[in-house]
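Sequential numbering of the sequence shown, starting at 1, is according to full-length UniProt numbering.
Glycine residues also receive a C-beta, built at the ideal position from the N, C-alpha and C atoms.
Worksheet: one structure, shown below.
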Amino acid sequence: MNTLWNITPESLVTWVGVLNVDGSRDSPEARSASLKAQLGILQSKPMAFQMKIYSEVAAKYLPSLVDLFRQRPEALGSVTTLMNVLTTTYVPLPYVQDHPHHAFLRVQVLLLYKLSAVASSDKEISAMNADEVGEVGQWLWTLLLLQGVQDVAEEDKTILLQNLPIWGRKFPGRLASDTTGRCQALLNDDPSVLFYSAQILPPLSLHFSAMRPMMQGMKIMLESKLDKCGGPGCTRKVQVDGSDLSQCGRCKSAVYCGVAHQKAAWATHKPNCFAPAF
Numbered sequence: 001m002n003t004l005w006n007i008t009p010e011s012l013v014t015w016v017g018v019l020n021v022d023g024s025r026d027s028p029e030a031r032s033a034s035l036k037a038q039l040g041i042l043q044s045k046p047m048a049f050q051m052k053i054y055s056e057v058a059a060k061y062l063p064s065l066v067d068l069f070r071q072r073p074e075a076l077g078s079v080t081t082l083m084n085v086l087t088t089t090y091v092p093l094p095y096v097q098d099h100p101h102h103a104f105l106r107v108q109v110l111l112l113y114k115l116s117a118v119a120s121s122d123k124e125i126s127a128m129n130a131d132e133v134g135e136v137g138q139w140l141w142t143l144l145l146l147q148g149v150q151d152v153a154e155e156d157k158t159i160l161l162q163n164l165p166i167w168g169r170k171f172p173g174r175l176a177s178d179t180t181g182r183c184q185a186l187l188n189d190d191p192s193v194l195f196y197s198a199q200i201l202p203p204l205s206l207h208f209s210a211m212r213p214m215m216q217g218m219k220i221m222l223e224s225k226l227d228k229c230g231g232p233g234c235t236r237k238v239q240v241d242g243s244d245l246s247q248c249g250r251c252k253s254a255v256y257c258g259v260a261h262q263k264a265a266w267a268t269h270k271p272n273c274f275a276p277a278f
């Protein structure tokens with residue numbers, strides 16, 4: 001139990017199986033439980049500490065996590081749990097958007113394929129609980145929001161659009177219902193799409209509201225980390241001379257309108273600045 005409180009980037013990826021140490025030889029179920037326990041402890045820590053851990057995990061181990069996800073047949077599991085947290089909390093946008101050659105861009109397609117296989121199996125559907133559906137739905141929604149739906153196969157889209165509403169109705173008032181509704185809206189790619197907001201109202205209540213503006217606002221907020229100066233209070237999207245914002249030379253993530261703002265932001269940025277392993 002004491003080892004669970006010693007949270008490091010290496011401890012998190014060990015439970016997933018990236019590092020081959022004693023913990024990684026436990027059963028998949030035990031590793032998943034240990035990972036979720038550590039993430040629960042981590043999420044009770046100050047946000048600055050959390051972001052340092054997430055930043056280092058993403059910079060050092062994201063390629064290995066992607067490889068593991070590709071190798072393992074299941075849509076759910078420890079690697080899905082960790083990548084969902086990274087994508088929805090830390091959101092490694094430079095890796096998602098600026099490295100088209102990297103396998104992370106294909107994770108969305110593979111996740112859709114795996115989920116459509118799950119959705120086609122009544123046995124697997126009935127075995128999924130609300131937390132699992134919420135977790136994988138949250139990750140899928142984030143990927144669809146950031147990467148778009150242009151690479152989604154029509155067959156996978158059809159299967160998911162048939163089953164996402166079933167999952168949503170099965171777990172009313174839970175994260176599972178909210179995230180499956182968001183995924184439906186994105187997969188339908190229809191500005192008029194409405195969704196059941198089970199987060200707001202009690203179970204069995206019917207309430208619909210337009211979610212497209214909310215999702216677009218969320219996308220803009222997430223992407224602002226890439227296209228807005230990271231200097232204190234600065235909202236510039238270009239340098240003073242009109243040229244593109246300059247990237248941090250080390251992590252390639254933070255961007256600035258000039259040297260002065262990069263220096264001003266360094267004390268805050270330094271703990272989360274890690275050179276990517278790809």
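Within 10 angstroms of its Cβ, does residue i collect 16 or more other Cβ (buried), or is it exposed?
| i | result |
| --- | --- |
| S55 | buried |
| F49 | exposed |
| D151 | exposed |
| E135 | buried |
| E132 | buried |
| D156 | buried |
| V85 | buried |
| T3 | exposed |
| H269 | buried |
Just to confirm the assignment, what range does the alpha helix (DSSP H) spanning residue i have?
| i | result |
| --- | --- |
| N163 | 154-170 |
| K228 | Taken as a continuous stretch (DSSP letters only), K228 belongs to no alpha helix (DSSP H), as it is neither H nor E. |
| I41 | 28-42 |
| N188 | 175-188 |
| V13 | 9-16 |
Tell whether a beta-carbon distance below 7 Å holds between residue i and residue j.
| i | j | result |
| --- | --- | --- |
| L160 | T180 | no |
| A254 | G231 | no |
| W15 | L35 | yes |
| R250 | A267 | no |
Using C-beta distances below 7 Å, list every residue in its chain close to residue i, excluding the 5 sequence neighbours before and after it, in chain order.
| i | result |
| --- | --- |
| L42 | I7, Q50, I53 |
| L19 | E10, V13 |
| G258 | Q239, V240 |
Measure the C-alpha to C-alpha separation of residue i and residue j and round it to an integer number of angstroms.
| i | j | result |
| --- | --- | --- |
| V57 | P9 | 5 Å |
| A238 | S246 | The sequence shown places Val at residue 238, rather than the Ala named in the question. If I take the Cα positions, the gap works out to 9 Å. |
| T87 | L140 | 10 Å |
| G77 | S243 | 44 Å |
| residue 290 | I220 | This structure does not reach residue 290, given that the chain is present from 1 up to 278, and the question cannot be answered. |
| V171 | M128 | Sequence check: residue 171 is Phe here, not Val. Their backbone Cα atoms lie some 11 Å apart in a straight line. |
| K149 | Q71 | Per the sequence presented here, residue 149 reads as Val, with Lys not at that position. Approximately 23 Å between the Cα atoms of the pair. |
| K114 | L175 | 20 Å |
| R31 | M83 | 15 Å |
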